[in-house]
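Our numbering applies: residue 3 is where the sequence shown begins, and numbers increase by one.
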Amino acid sequence: MITYVYPTVAETSRSLIRHLIALMAAAPDRIFHIAFSGGNTPSLMFDLWAREFCDVTPWSRMRIYWVDERCVPAESPESNYGTMCRLLLDKVAIPDEYIFPINGDNRPEDEAVRYSRLVCRNVPHDGTLPAFDVVLLGIGEDGHTSSIFPGQERLLSSSCPYELSVNPYNGSKRIAMTGCLLFNAHRLIFLVTGSSKSEVMRDVLAGEDVGPAAYVAHHAKRVEIFMDELAKPQLGGPEVKV
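Okay, structure coming up:
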């Protein structure tokens with residue numbers, strides 16, 4: 003696990019964008035299959051990407067998927083797909099056929115199966131499972147990630163690539179990438195910002211398997227964390243680069 007810390011939310015987001023672009027530049031003949039998370043944290047990153055990095059991003063070599071999705075129409079402000087479209091995808095030169103959204107309008111149980119099959123059909127396999135080049139994750143204040151909330155740890159050992167999850171705070175349904183894909187990805191990158199995340203980051207960086215996000219961070223193949231100073235807990239531990 004490597005952790006990168008930056009002074010502000012904006013600089014953390016910019017550094018992650020540069021990192022992703024550099025990964026693709028290092029392998030100019032490859033197509034990159036990347037799964038994005040939603041929520042408030044990546045929204046600034048999407049906006050900065052469209053305004054500052056549009057012309058230096060190899061959009062033709064990206065295939066865009068989602069880690070998780072709320073079961074709402076794409077027009078809803080709660081839609082992860084809709085938010086990324088409004089802030090980034092509608093503003094850049096990426097063909098629609100390179101974008102693979104989770105359909106929040108479908109019956110959730112059916113959509114989990116449909117999207118699992120779509121990912122299995124389109125993402126290159128490593129062994130018997132699809133292996134994303136990059137999975138971009140966030141972390142909730144309660145330690146959830148990929149819409150896998152505390153108490154739903156069974157989804158970390160599921161053999162189904164995507165499953166239905168339920169937000170325990172409001173009962174809303176979501177589609178979530180499960181452990182079999184999270185642990186098979188070539189690279190997991192967490193984007194974490196804000197002082198409200200410092201306590202959960204203490205668990206992640208201290209090596210305790212407390213909550214889904216910490217468990218994923220400790221057991222995935224390759225993990226990088228991009229965080230701002232406010233999210234950084236006051237402890238020693240893993241390598242920190244600025």
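Here a beta-carbon is modelled for each residue, glycine too, at the ideal position from N, C-alpha and C.
Nearest to residue i (by Cα), restricted to the options the options
i, options, result
"Ile-4", "Asn-105, Ser-197, Val-225", "Val-225"
"Leu-18", "Tyr-6, Ala-27, Thr-85", "Tyr-6"
"Ile-104", "Trp-61, Thr-195, Lys-175", "Lys-175"
"Leu-89", "Leu-120, Pro-97, Arg-53", "Arg-53"
"Val-94", "Arg-123, Ile-66, Ala-76", "Ile-66"
"Ser-45", "Pro-60, Ser-15, Ile-36, Pro-30", "Ser-15"
"Ser-198", "Asp-230, Gly-173, Ala-222, Ser-167", "Asp-230"
"Gly-213", "Gln-154, Ala-114, Leu-91", "Gln-154"
"Tyr-164", "Val-115, Glu-201, Thr-195", "Val-115"
"Val-202", "Ile-177, Pro-97, Leu-232", "Leu-232"
"Asp-247", "Met-86, Asn-124, Ser-118", "Residue 247 lies beyond the range of the chain shown here (3 to 244); nothing can be said about it."
"Ser-78", "Arg-123, Asp-107, Asp-57", "Asp-107"
Residues bridged to residue i [DSSP beta-bridge criterion]
i, result
"Val-7", "Met-229"
"Tyr-164", "Met-179"
"Leu-190", "Val-137, Val-225"
"His-35", "Arg-65"
"Arg-16", "None, per the DSSP bridge assignment."
"Arg-72", "Arg-176"
Residue i CB to nearest heavy atom of the ligand ADP below 8 Å
i, result
"Asp-112", "Among the ligands in the structure shown, none appear at all, so the ligand ADP cannot be discussed."
Own chain, CB closer than 8 Å to residue i, minus 5 neighbours either side, in chain order
i, result
"Glu-210", "Ala-216"
"Glu-80", "Arg-72, Val-74"
"Ile-33", "Arg-63, Met-64, Arg-65"
"Ala-222", "Leu-184, Phe-185, Ala-187, Leu-190"
"Ile-36", "Leu-22, Met-64, Arg-65, Ile-66, Tyr-67, Phe-134, Asp-135, Val-136, Val-137, Leu-138"
"Val-121", "Tyr-67, Phe-102, Pro-132, Pro-163, Tyr-164, Leu-183"
"Glu-145", "Reading off the sequence shown, one finds Gly at residue 145, where the question assumed Glu. Result list for Gly-145: Pro-152, Val-202, Asp-205, Val-212, Gly-213, Pro-214, Ala-215, Ala-216, in chain order."
"Pro-9", "Asp-230, Glu-231"
Nonlocal neighbours in the same chain, by C-beta distance under 6 Å from residue i, ignoring five residues either side
i, result
"Lys-234", "Val-7"
"Trp-51", "Ile-19, Leu-90"
"Asp-205", "Val-212, Ala-216"
"Ala-208", "none"
"Ile-227", "Thr-5, Phe-192"
"Arg-119", "none"
Nonlocal neighbours in the same chain, by C-beta distance under 7 Å from residue i, ignoring five residues either side
i, result
"Pro-60", "Met-26"
"Val-11", "Leu-46, Thr-195, Asp-230"
"Ala-178", "Asp-70, Ser-148, Ser-149, Ile-150, Leu-157, Tyr-164, Glu-165, Ser-167"
"Gly-181", "Leu-157, Leu-158, Ser-159, Ser-160"
"Phe-55", "Ile-19, Ile-23"
"Gly-239", "Confidence in Gly-239 is poor, its pLDDT being 45 and thus under 50, which makes the residue's placement too unreliable to answer from."
Minimum Cβ-Cβ distance from residue i to chain B less than 9 Å
i, result
"Pro-79", "Absent here is chain B; the protein component of the structure consists of one chain."
So, does the stretch 171–190 touch the stretch 118–131, judging by three or more C-beta pairs under 8 Å?
As far as the Cβ criterion goes, the stretch 171–190 touches the stretch 118–131, which means the pair count is three or higher.
Would you mind listing the beta strand (DSSP E) stretches within the stretch 81–167 that are 3+ residues and don't spill past its ends, in chain order?
Complete beta strand (DSSP E) runs here, min 3: 136–139.
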